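Q: All residue numbers for the sequence shown refer to this note's numbering, where the first residue is 4 and numbers rise by one. My questions all concern the structure below.
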Amino acid sequence: MTGPAASVFPALMRIRAGCLPDLATEMAAVGWLPRRLLIVTGAGPSARMAAVARESLAGRGTTSATETVTEGTVEECSRLAQRLIAEDVELVVAIGGGRVLDTAKYAACRVGVDWVAVPTTLANDGVVSPVASLVDRDGVRRSLAATMPIGVLVDVALIADAPVATRRAGVGDLLSNLSAVTDWRLSEAGGHDRCDEFSALIAEQAAESVLTTADLESPRALAGLARGLIMSGLAMAIAGSSRPCSGSEHLISHALDQRLDVPKNAHGLQVAFASLLTLTLQGELTDELLTTYVRLGLPTAPSALGLTGEQLLRALDEAPSTRPGRWTVLSGRSWTAPALADLMSTVHARLAEVRLATV
Ligand SMILES: [Zn+2]
């Protein structure tokens, strides 16, 4: 293996239509075709894509074993890590959506094995990031520290085959960087934290790159989304934490995730909606952002996520306690139903203005 283990920057990166069949050629070009390679994939459509990867590797004389993961749990990561040790695996190639990538990422990190990311959906910024979102042994979803991939291949043709809702969630997660970065800067201004302006800038630029995205279908839009999500991951790797891409809006989402009586929604949609609320509190909600929400069909009301006002109120109250050390615009606030109604009516008045202006 000549791969730069645990490097912040993936040494191999390809974003184009039809690059999956070239996986082995790309890996050989950087000297990454070990004898013991494990493909980690899901049970759904990604299994077909794993077959394409296996064929590509076989064409270069590399036999690869396959592990199918389905749970996205810490328990499943333990089983995968045991296999990596037992079979002395030298490199993991993860092919699938967020659940597959996060499972492979965390297991590979725990045993010190390099991994390559081949995302089949672009639903969140975990594609190239040092953070794995997994369900822990107590049933609660947690963000766990892991390692960056040494290589990333985004076959835009595969991404286009995934449901459009996954890309909408991906755009939502990316746009939520705007409130996260504002929280970080406000936190520094209030003397709570130090903001690393370089990683904040990268996260902010990544979000702004999709403000003008016209659609969720064209190859140009998908490549732009992939670049933005990868930049978000790099911002987190440089910062050494999720802070540039995870602020008050993510804490609201975590609070919703921790409740068993709340409807399950895509992470990117939850943080996108929550971001509208926290940007309003921060005084940073822009017409440009609202126009993007309307154009791309991002959620602008709790009902779009199946949430009641009571559930949202509880999540706002509980959000700061999901990450006690992280100061955000929600820190120290307590919520009442009239306060939430006021906040929602401010957001909806701004939305109505934007809708009128675009008619
Ligand atoms: Zn996120």
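Just so it is clear, CB atoms sit at the ideal spot from N, CA and C, and this is done for glycine as well. Please read these numbers as outputs of a predicted model, since none were measured by experiment.
#1: Just to confirm, are Leu316 and Gly175 a CB contact at a threshold of 8 Å?
#2: Please indicate yes or no: does the CB of Asn127 lie closer than 7 Å to some heavy atom of ligand 1?
#3: CA-CA distance, Ala8 and Met151?
#4: In whole angstroms, give me the CA-to-CA distance for Arg298 and Glu356.
#5: Is the beta carbon of Asp196 less than 8 Å from the beta carbon of Gly250?
#6: Using CA coordinates, which residue listed in Leu41, Lys108, Val157, Met30 is at the minimum distance from Gly21?
#7: Between which residues of its own chain and Ala172 is the CB-CB distance below 6 Å, once the five residues before and five after are set aside?
#8: Check whether the Cβ atoms of Thr133 and Ala148 sit closer than 8 Å, and answer yes or no.
#9: Please go through the segment 25 to 66 and give each complete alpha helix (DSSP H) segment of 4 or more residues, from N-terminal end onward.
#10: What are the complete alpha helix (DSSP H) segments, minimum 4 residues, inside the segment 280 to 332?
#11: Does Gly129 pass the burial test, meaning 16 or more other C-beta atoms within 10 Å, or should it be called exposed?
#12: Go through its chain and collect everything with a Cβ distance to Val213's Cβ below 8 Å, but skip five positions before and after it.
#13: Following the continuous beta strand (DSSP E) through Ile18, name the residue where it begins and the one where it ends.
#14: How about Ala258 and Ala210: are their beta carbons less than 8 Å apart?
#15: Nearest to Leu104 by CA position, among Glu93, Leu83, Ala277, is which residue?
#16: Hey, is Ser179 close to ligand 1, as in C-beta under 7 Å from one of its heavy atoms?
#17: Taking Cβ positions only, does Val143 come closer than 8 Å to chain C?
#18: Is Asp345 buried or exposed, if buried means 16 or more other CB atoms sit within 10 Å of its CB?
#19: Tell whether a beta-carbon distance below 8 Å holds between Ser369 and Asn180.
#20: State the Cα-Cα distance for the pair Thr3 and Thr124, rounded to the nearest angstrom.
#21: Give me, in chain order, the residues of the same chain whose beta-carbon lies closer than 7 Å to that of Met239; leave out the 5 immediate sequence neighbours on both sides.
#22: At a cut-off of 7 Å, would you count Val332 as near ligand 1, judging by its Cβ distance to the nearest heavy atom?
#23: What does the alpha-carbon distance come out to for the pair Arg188 and Ser334?
#24: Just to check, is the beta-carbon of Ser49 closer than 7 Å to a non-hydrogen atom of ligand 1?
#25: Using three-state DSSP, classify Gly6 as helix, strand or coil.
#26: To the nearest angstrom, how far is it from the Cα of Ala107 to the Cα of Glu90?
A: Walking through what the data contain:
#1: no
#2: yes
#3: Reliability fails at Ala8, whose pLDDT of 38 lies under 50, so the model's placement of it is uncertain and the value that follows must be treated cautiously. Each residue's alpha carbon lies about 9 Å from the other.
#4: 14 Å
#5: no
#6: Val157
#7: Ala126, Ala269, Gly271, Leu272
#8: Looking at the sequence provided, one finds Pro at residue 133 rather than Thr. Yes, the pair counts as a contact, with Cβ atoms nearer than the cut-off.
#9: 26 to 32, 49 to 61
#10: 290 to 299, 312 to 321
#11: buried
#12: Val174, Leu177, Leu178, Gly227, Leu228, Gly231, Thr295
#13: 15 to 19
#14: no
#15: Leu83
#16: yes
#17: The chain inventory of the structure shown lacks chain C, comprising one protein chain alone.
#18: exposed
#19: With the chain running from 4 to 362 in the structure shown, residue 369 is simply not present.
#20: The requested residue 3 is not part of the displayed model; the chain covers only 4 to 362.
#21: Ser132, Pro133, Val134, Ser245, Pro247, Cys248
#22: no
#23: 14 Å
#24: no
#25: Bear in mind that the predicted position of Gly6 carries a pLDDT of just 37, short of 50, making it too unreliable to give a figure here.
#26: 15 Å
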